[in-house]
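Chemist:
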Amino acid sequence: MYQTESSWGSYMPPRNVGDPLERIERLASENAVVIFSISTCCMCHAIKRLFCGMGVNPTVHELDEDPRGKEMEKALMRLLGSSSAVPVVFIGGKLVGAMDRVMASHINGTLVPLLKDAGALWL
Amino acid sequence: MASHGVGETGLSDSGPSNHHLPYAAIHGINTPSTSFFNQEGSSFDFGELEEAVLQGVKIRSDEAKAPLFRPAATLEMFPPWPIRFQQTPRVGSSKSGGESSDSGSAVNTLSSKAEAQLDPESPISKKASSSDHQSFDQKHLQLQQHQQQIEMASDTSRTGGPSELNTSPAKPPQEKRKGSTSEKQLDAKTLRRLAQNREAARKSRLRKKAYVQQLESSRIKLTQLEQDLQRARQQGLFLGGCGGAGGNMSSGAAIFDMEYARWLEDDHRHMSELRTGLQAHLSDGDLRVIVDRYISHYDEIFRLKGVAAKSDVFHLITGMWSTPAERCFLWMGGFRPSELIKMLTSQLDPLTQQQLMGIYSLQHSSQQAEEALSQGLEQLQQSLIDTIATGPVIDGMQQMAVALGKLANLEGFVRQADNLRQQTLHQLRRILTVRQAARCFLVIGEYYGRLRALSSLWASLPRESLMGEENTCQATTDLQMVQPPQNHFSNI
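Quick look at the structure:
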């Protein structure tokens with residue numbers, strides 16, 4: 106789970122404001138449920154439908170509509186250790202993961218409490 | 100090929116010299132030399148001989164052919180089965196001579212078998228020992244004697260006379276008398292019979308030749324088909340057509356089908372373990388081991404499907420790997436988890452309140468996940484349609500490349516669907532007790548087993564029997580036959 110910022114300093118070459126991972130982290134903490142997506146990606150569409158179907162109103166950042174989206178994509182790929190950067194879900198500022206992690210946590214019943222804790226879901 | 104050293108040697112030695120005269124003897128009906136062949140008068144009937152011969156041949160067809168080869172060669176005038184027939188020079192018929200190892204029509208006329216009768220001792224003594232073939236042996240002996248006489252008479256180098264024949268050991272006096280009185284005289288009946296034999300022999304040889312030619316051409320066609328298949332597979336022309344047909348499958352699909360078949364066998368084994376474990380009232384610890392093994396067994400098929408999705412996602416998503424009945428209810432390349440849970444809830448009683456809530460919440464969340472994935476897939480479809488259907492084709496290849504890229508996303512959806520299925524099974528395991536979980540997986544396994552059985556039964560029933568009113572009862576009773584009793588769960 107993505108917890109602190111400082112741990113990443115040893116991995117990444119120090120950059121100024123433009124560190125994509127920092128930006129991602131900043132964006133992720135701004136809302137209860139944050140999804141990084143690409144507008145043409147169908148799996149991203151599926152994950153959006155999942156949260157909407159649960160009554161959650163996620164904040165979606167379409168990386169293809171962001172000028173620095175490309176580098177954020179790369180950063181996400183590194184973060185996830187996967188060839189596809191999106192979709193990626195943060196709940197309460199913390200990384201949950203890609204589609205498989207999200208679905209697994211929904212099935213095993215841990216997603217809803219997480220959403221409730223983050224204030225994204227009410228009874 | 101029968102390799103009878105003695106016989107062959109003898110045969111080849113005597114062959115050439117004996118070729119022509121017996122043949123001439125038979126065919127030269129009008130020549131006085133045909134008196135070579137013997138006719139004993141009223142006591143000996145060729146028809147009787149032939150009958151006995153055929154009977155003996157039928158009896159002997161199951162015995163070892165090798166030792167009986169020589170005499171059998173004489174007697175099998177109309178053998179309906181392919182026998183091992185040694186290469187013998189044929190009088191005027193070179194065809195069957197060359198087809199030695201698998202001669203189905205080792206039909207030789209009496210005359211041409213003359214050469215074969217050069218080693219009478221062993222078969223005769225052999226047959227003399229078998230009591231049930233006594234009369235048959237006698238007739239056979241007689242026949243041999245005739246042929247020997249032909250040989251003897253025709254071979255000028257031989258000095259043996261009729262007296263030699265009469266001293267054959269296993270001969271009863273009656274036969275002796277017949278042998279001694281045999282003169283080389285052909286009557287009309289015998290000639291006709293011989294001619295018929297020759298005709299039948301010739302026809303048999305022709306039939307056999309035609310059959311062998313057919314076999315050869317089939318073999319060539321088969322190798323050609325195999326080559327075509329190999330080439331086509333390499334070109335990847337074939338998509339999953341009819342399920343299970345090897346001819347139109349990609350290699351990834353074929354590999355997966357094989358692995359799935361093996362998985363089904365393992366599944367059967369696991370189910371037996373579960374069943375016996377439950378019936379034997381094993382301890383929870385022991386049962387847990389079995390249940391966890393079953394879960395790993397399911398993890399394995401999901402892993403295999405993941406690999407297959409990379410090479411042939413269409414094979415998975417169209418359900419060509421499964422049976423028709425399963426395919427009918429297919430969702431994204433497999434079972435729909437919420438449907439499975441619905442099916443299970445009634446069979447998992449008794450459940451605690453907490454368990455019941457857990458099951459319903461599982462059903463609910465899997466429904467939501469399924470809905471999300473389905474909508475994602477719909478969007479993929481729409482996007483694909485937008486790519487290939489609309490507008491003028493400005494750059495066809497570019498369009499196709501984009502479409503291919505979108506199609507590649509299918510793999511992701513099948514993987515996520517399998518992931519959902521896997522997570523559902525794991526969650527079931529968590530909610531239930533060991534015993535309940537064992538029962539649960541047994542129910543799942545049997546349910547899909549019955550679906551598969553339903554598919555095969557459906558395929559085997561003729562369509563008409565499922566249509567008419569009066570026949571639906573038959574169809575249903577047929578179906579009832581495959582259903583094992585459902586109530587054994589409650590006993591556990």
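Respectively, the protein sequence lines represent chains A and B. Each residue of the first sequence is one higher than the one before, starting from 106 at the first, in the numbering used here. Each residue of the second sequence is one higher than the one before, starting from 100 at the first, in the numbering used here. Quick reminder that beta carbons are idealized off the backbone N, C-alpha and C, glycines included.
Would you verify that the beta carbon of residue 205 of chain A is, or is not, closer than 7 angstroms to some beta carbon of chain B?
Modeler: Closer than 7 angstroms to some Cβ of chain B, the Cβ of residue 205 of chain A qualifies, so yes.
Chemist: If you measure between the beta carbons of residue 510 of chain B and residue 390 of chain B, is that distance less than 7 angstroms?
Modeler: For residue 510 of chain B and residue 390 of chain B, no; Cβs fall outside 7 angstroms.
Chemist: Hey, would you say residue 508 of chain B sits closer than 7 angstroms to residue 205 of chain A, going by beta carbons?
Modeler: Cβ atoms of residue 508 of chain B and residue 205 of chain A: not closer than 7 angstroms.
Chemist: Contact criterion: CB-CB distance below 7 angstroms. Does residue 500 of chain B meet it with respect to chain A?
Modeler: Cβ-Cβ to chain A under 7 angstroms: no for residue 500 of chain B.
Chemist: Which residues of the stretch 423 to 437 of chain B have a Cβ closer than 9 angstroms to any Cβ of chain A? Give them in chain order.
Modeler: Those would be 436, in chain order.
Chemist: Quick check: the Cα distance between residue 63 of chain A and residue 497 of chain B, rounded to an integer number of angstroms?
Modeler: What the structure shows of chain A is the stretch from 106 to 228, and residue 63 of chain A is not part of that stretch, so it cannot be assessed.
Chemist: Can a CB atom of chain B be found closer than 7 angstroms to the CB of residue 218 of chain A?
Modeler: Chain B, which has no Cβ nearer than 7 angstroms to the Cβ of residue 218 of chain A, makes this no.
Chemist: Quick one: does residue 186 of chain A have its CB under 7 angstroms from some CB of chain B?
Modeler: So no, residue 186 of chain A is outside the interface.
Chemist: Less than 7 angstroms between the beta carbons of residue 524 of chain B and residue 397 of chain B, yes or no?
Modeler: The answer is yes: Cβ separation under 7 angstroms.
Chemist: For the stretch 448 to 462 of chain B, which residues have a beta carbon sitting closer than 9 angstroms to at least one beta carbon of chain A?
Modeler: Hits within the stretch, in order: 457, 460 and 461.
Chemist: Would residue 194 of chain A and residue 164 of chain A be called neighbours here (beta carbons separated by less than 7 angstroms)?
Modeler: No. Outside cutoff.
Chemist: Could you check what DSSP says for residue 559 of chain B in three-state terms: helix, strand or coil?
Modeler: If DSSP states are grouped into helix, strand and coil, residue 559 of chain B belongs with the helices.
Chemist: Between which two residues does the beta strand (DSSP E) carrying residue 434 of chain B extend?
Modeler: That residue, residue 434 of chain B, is in no beta strand (DSSP E); it is neither H nor E in DSSP.
Chemist: Is there a Cβ of chain B sitting closer than 7 angstroms to that of residue 213 of chain A, yes or no?
Modeler: Judged by the 7 angstroms Cβ criterion, residue 213 of chain A is in contact with chain B.
Chemist: If contact means a Cβ-Cβ distance below 9 angstroms, which residues of the stretch 516 to 532 of chain B contact chain A?
Modeler: Answer set for the stretch 516 to 532 of chain B: 518, 519, 521, 522, 523, 525, 526 and 529.
Chemist: Taking the beta strand (DSSP E) that residue 200 of chain A falls in, what are its first and last residues?
Modeler: Its beta strand (DSSP E) spans residues 199 to 202.
Chemist: Counting pairs of Cβ atoms below 8 angstroms between the stretch 459 to 474 of chain B and the stretch 430 to 444 of chain B, do you hit three or more?
Modeler: Touching, per the Cβ criterion.
Chemist: So residue 493 of chain B is in the beta strand (DSSP E); what residue range does that whole segment cover?
Modeler: Segment: none, residue 493 of chain B is in no beta strand (DSSP E) and carries neither H nor E.
Chemist: Could you check the C-alpha separation between residue 222 of chain A and residue 152 of chain A for me, to the nearest Å?
Modeler: The alpha-carbon atoms of residue 222 of chain A and residue 152 of chain A are separated by roughly 20 angstroms.
Chemist: Contact between the stretch 168 to 183 of chain A and the stretch 140 to 147 of chain A: three or more CB pairs below 8 angstroms?
Modeler: Yes: at least three Cβ pairs fall under 8 angstroms.
Chemist: Could you tell me which residues DSSP pairs with residue 142 of chain A in its beta bridges?
Modeler: BP columns for residue 142 of chain A point to A/167.
Chemist: For residue 195 of chain A, does the three-state DSSP call read helix, strand or coil?
Modeler: In the structure shown, residue 195 of chain A sits in a strand (DSSP, three-state: E or B).
Chemist: Taking C-alpha atoms, which residue in A/181, A/198 and A/201 lies nearest to residue 125 of chain A?
Modeler: Per the Cα distances, A/181.
Chemist: Identify whether residue 420 of chain B lies in helix, strand or coil by the three-state DSSP scheme.
Modeler: DSSP places residue 420 of chain B in coil when its eight states are reduced to three.
Chemist: Determine the chain B residues that contact residue 225 of chain A at a beta-carbon separation under 8 angstroms, and present them in chain order.
Modeler: Near residue 225 of chain A there are no residues of chain B at all, since even the closest Cβ is about 15 angstroms away, more than 8 angstroms.
Chemist: Using a cut-off of 8 angstroms between C-beta atoms, extract the partners of residue 209 of chain A located in chain B.
Modeler: Simply 518 and 522.
Chemist: My assumption, with CB atoms under 8 angstroms, is that residue 349 of chain B sits in contact with residue 414 of chain B. Please give the rounded CB distance.
Modeler: The Cβ separation is near 7 angstroms, so the contact holds.
Chemist: Am I right that residue 203 of chain A and residue 192 of chain A are in contact with their C-beta atoms under 8 angstroms? What's the rounded C-beta distance?
Modeler: That belief holds up - the Cβ atoms of residue 203 of chain A and residue 192 of chain A are roughly 6 angstroms apart, short of 8 angstroms.
Chemist: Taking 7 angstroms as the threshold (C-beta atoms), are residue 475 of chain B and residue 150 of chain A in contact?
Modeler: Result yes, Cβ atoms of residue 150 of chain A and residue 475 of chain B sit closer than 7 angstroms.
Chemist: Suppose the cutoff is 7 angstroms on Cβ atoms and the five residues either side in sequence are ignored; what does the same chain contact list for residue 133 of chain A look like?
Modeler: The answer, listed in chain order, is 139, 195 and 198.
Chemist: Run down chain B in chain order and give the residues with a C-beta less than 9 angstroms from the C-beta of residue 152 of chain A.
Modeler: Within 9 angstroms Cβ-Cβ: 471 and 475.
Chemist: Thinking C-alpha only, which one of B/359, B/421 and B/374 is nearest residue 592 of chain B?
Modeler: What is shown of chain B runs 100 to 591, which leaves residue 592 of chain B out entirely.
Chemist: How many angstroms separate the CA atom of residue 319 of chain B from the CA atom of residue 302 of chain B?
Modeler: Roughly 26 angstroms between the two C-alpha positions.
Chemist: Check the Cβ of residue 479 of chain B against every Cβ in chain A and list those closer than 7 angstroms, keeping chain order.
Modeler: Result: 147.
Chemist: List, in chain order, every chain A residue whose beta-carbon is nearer than 9 angstroms to that of residue 504 of chain B.
Modeler: The contacting residues do not exist; residue 504 of chain B stays about 10 angstroms from chain A at best.
Chemist: Is the beta carbon of residue 539 of chain B closer than 7 angstroms to that of residue 550 of chain B?
Modeler: Their beta carbons are not under 7 angstroms apart, which means residue 550 of chain B does not touch residue 539 of chain B by this criterion.
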